[in-house]
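Structure, as structure tokens:
In full-length UniProt numbering, the protein residues as written are 1 to 245.
Right, here's the structure in full:
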């Protein structure tokens with residue numbers, strides 16, 4: 001049964017996965033993302049240019065967006081959110097539609113034109129701010145801290161991991177959450193999980209928690225919380241145990 005279920009999910013995923021598609025679909029034509037409530041979001045894409053790489057919607061961003069849609073109000077509504085290294089801006093736009101109180105979408109300067117264009121054409125665009133940010137640099141322009149940070153396909157090289165962790169640690173709220181999703185770029189994954197030890201607790205989002213259709217074996221989603229949050233949770237549990245003893 002487990003094998004049959006895995007096979008079913010594998011073949012189902014090919015109905016929505018994009019990275020095998022020809023260039024005209026991945027770069028030249030817009031991507032249409034259909035929300036669970038029936039609303040369709042149009043995300044423009046662009047061919048690669050020397051000054052930017054935010055060209056297409058990656059599978060990992062679709063997986064995490066559908067997870068956020070499934071979770072509904074519990075993660076996003078009323079929260080201050082950051083789409084880190086936002087690329088085309090799909091995650092930022094979905095966060096806005098799911099009721100985030102404020103969304104900041106960042107990327108490198110050469111990628112901001114496409115990102116800003118996509119964010120500005122959506123309902124609720126007044127709640128989305130587009131800023132340039134390089135990992136490891138001063139996060140003052142991004143603050144106050146975020147209740148939720150989402151970053152997709154940011155594990156591509158080990159050399160960038162320390163800067164990525166610096167940005168995450170400095171910009172997430174004490175009781176905030178970080179969602180990381182990656183599939184095609186995993187070169188820095190091992191270094192990342194070593195680096196965050198003692199800084200963040202890490203939990204993989206399971207297949208049962210993800211959207212039933214929008215998941216695939218080559219995309220993993222992780223939920224991170226500041227280590228202090230783990231300590232606080234454990235303390236509260238001990239107090240409750242003592243109070244009921």
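Ideal Cβ placement from N, Cα and C applies to all residues, glycine included.
Quick one: what does DSSP say residue i is sitting in, helix, strand or coil?
| i | result |
| --- | --- |
| residue 132 | strand |
| residue 178 | strand |
| residue 138 | coil |
| residue 116 | helix |
| residue 1 | The predicted position of residue 1 is uncertain, since its pLDDT is 49 and thus under 50; a value taken from the coordinates is nonetheless stated next. In the structure shown, residue 1 sits in coil (DSSP, three-state: anything other than H, G, I, E or B). |
| residue 95 | helix |
| residue 24 | helix |
| residue 86 | coil |
| residue 15 | coil |
| residue 57 | coil |
| residue 166 | helix |
| residue 143 | coil |
| residue 63 | helix |
| residue 173 | strand |
| residue 227 | helix |
| residue 278 | A question about residue 278 goes unanswered here, because the residues of the chain that appear run from 1 up to 245. |
Just to confirm, is the Cβ distance from residue i to residue j under 9 Å?
| i | j | result |
| --- | --- | --- |
| residue 33 | residue 94 | yes |
| residue 59 | residue 183 | yes |
| residue 165 | residue 195 | yes |
| residue 228 | residue 67 | no |
| residue 16 | residue 62 | yes |
| residue 22 | residue 45 | no |
Apart from the five residues on each side of it in sequence, which residues of its chain come closer than 7 Å, Cβ to Cβ, to residue i?
| i | result |
| --- | --- |
| residue 86 | 92, 105, 106, 107, 115 |
| residue 64 | 91, 150, 152, 179, 181, 221 |
| residue 188 | 155, 156, 157, 158, 160, 161 |
| residue 1 | Since pLDDT at residue 1 reaches only 49, below the 50 mark, its modelled position is unreliable, and no value is offered. |
| residue 186 | 155 |
| residue 193 | 202 |
Would you list the residues sitting across from residue i in a DSSP beta bridge?
| i | result |
| --- | --- |
| residue 204 | 222 |
| residue 252 | Residue 252 falls outside the range modelled here, since the chain spans only 1 to 245, and no answer is possible. |
| residue 211 | Residue 211 pairs with nothing; no bridge assigned. |
| residue 43 | 31 |
| residue 149 | 82, 178 |
Can you find the residues in the same chain that come closer than 8 Å, C-beta to C-beta, to residue i, ignoring five residues on each side of it along the sequence?
| i | result |
| --- | --- |
| residue 69 | 35, 36, 94, 98, 211 |
| residue 123 | 96, 97 |
Near residue i, what residues of its chain come up, given a Cβ to Cβ distance below 6 Å and the 5 sequence neighbours on each side ignored?
| i | result |
| --- | --- |
| residue 19 | 59 |
| residue 83 | 91, 92, 105, 150 |
At least 3 beta-carbon pairs within less than 8 Å: the region 67-79 vs the region 151-162: no
Should the region 143-152 be called in touch with the region 109-127, which here means at least 3 C-beta pairs below 8 Å? no
Closer than 8 Å is the cut-off here; do at least three beta carbon pairs connect the region 214-225 with the region 166-186? yes
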